[in-house]
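Undergrad: This is the structure I want to talk about, given as structure tokens.
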Amino acid sequence: MEPLARLLPELIRLSNGQPEVLSAACCAAWALSVGDATLRASRAVALTDRTLTVAVQDARWKRQLEVLAPQILFRLNGLLRQPLVTRVHIIVDRKFVAAENRRPAPAALPPVTLPTELVESASVIRDEALRAQFLRLAAACFARDRLAEGS
Numbered sequence: 134m135e136p137l138a139r140l141l142p143e144l145i146r147l148s149n150g151q152p153e154v155l156s157a158a159c160c161a162a163w164a165l166s167v168g169d170a171t172l173r174a175s176r177a178v179a180l181t182d183r184t185l186t187v188a189v190q191d192a193r194w195k196r197q198l199e200v201l202a203p204q205i206l207f208r209l210n211g212l213l214r215q216p217l218v219t220r221v222h223i224i225v226d227r228k229f230v231a232a233e234n235r236r237p238a239p240a241a242l243p244p245v246t247l248p249t250e251l252v253e254s255a256s257v258i259r260d261e262a263l264r265a266q267f268l269r270l271a272a273a274c275f276a277r278d279r280l281a282e283g284s
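Below you can see the structure in the form of structure tokens.
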């Protein structure tokens, strides 16, 4: 997940303020900003008007996160490298949290060889880590497409 944390600010910059992208980035930042136990008991739902709605499994977790919200908010905005979230609104929604916890992990994709021209084109990306991440994402897209085609 660490590479994702490094890419979130760039993703936000490239989104041109698209609400869906900002919301997804903030939800991902929530998952990276809290510990494992908190992540099992809570899930970020959406960002609306700079307020991140977070669902928790019960009232006890709601009270605990209301106390911890300022600290988590600081870490979250630090990951995003800008104050996108000014408030955390915590709701109790056991079904939502349980459903999110049951979601299967993405299936492993088979390795693929990228087209030479794609690899050569990626050389214009000066940041080595960003270029490597781009190539990994491209490989994942090619692998997913091949799976969909049944190859």
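Residue 134 is where the sequence shown starts when you use my numbering, and the numbers rise one by one after that. Note that beta-carbon positions come from the ideal geometry of N, C-alpha and C, so glycine has one too.
Tell me whether Ser256 is buried or exposed, calling it buried when 16 or more other Cβ atoms sit within 10 Å of its Cβ.
TA: With fewer than 16 Cβ atoms within 10 Å of its Cβ, Ser256 is classed as exposed.
Undergrad: In chain order, what residues of the same chain have a beta carbon less than 7 Å from the beta carbon of Leu155, not counting five sequence neighbours either side?
TA: The residues are Ile145, Ser148, Leu180 and Leu217.
Undergrad: Using a threshold of 8 Å, state whether the C-beta atoms of Val245 and Val189 are closer than that.
TA: Their beta carbons are not under 8 Å apart, which means Val245 does not touch Val189 by this criterion.
Undergrad: What beta strand (DSSP E) runs, 3 residues minimum, are completely inside the stretch 167–205?
TA: Segments of the beta strand (DSSP E) lying fully in the stretch 167–205: 175–181 and 184–189.
Undergrad: What number of angstroms, rounded off, separates the C-alpha of Leu172 from the C-alpha of Ala158?
TA: The straight-line gap from Cα to Cα measures roughly 16 Å.
Undergrad: Taking the straight line between their C-alpha atoms, what separation do you get for Thr186 and Lys228?
TA: For Thr186 and Lys228, the distance between alpha carbons rounds to 15 Å.
Undergrad: Can you list, in chain order, the residues of its chain with a C-beta nearer than 6 Å to that of Lys195? Leave out the 5 residues immediately preceding and following it.
TA: Val189, Ile223 and Val225.
Undergrad: Ordered along the chain, which non-local residues of its own chain (more than five positions away) have a Cβ less than 7 Å from that of Glu199?
TA: Cβ neighbours of Glu199 beyond the five flanking positions: Ile223.
Undergrad: Span of the beta strand (DSSP E) holding Val245?
TA: Element bounds for Val245: n/a, residue is neither H nor E.
Undergrad: Can you check whether the CB of Leu209 is closer than 8 Å to the CB of Ala162?
TA: Contact flag set, yes.
Undergrad: Report, in whole angstroms, the separation of the C-beta atoms of Ile205 and Val167, which I expect to be a contact under 8 Å.
TA: Their Cβ separation, rounded to whole angstroms, is 6 Å, which keeps Ile205 and Val167 in contact under 8 Å.
Undergrad: To the nearest angstrom, report how far apart Ala272 and Thr219 are at their CA atoms.
TA: Approximately 36 Å between the Cα atoms of the pair.
Undergrad: Would you tell me roughly how many angstroms separate the C-alpha atoms of Arg214 and Pro142, rounded to the nearest one?
TA: Computed Cα separation, rounded: 6 Å.
Undergrad: Tell me where the alpha helix (DSSP H) around Val257 begins and ends.
TA: No alpha helix (DSSP H) contains Val257, which DSSP labels as neither H nor E.
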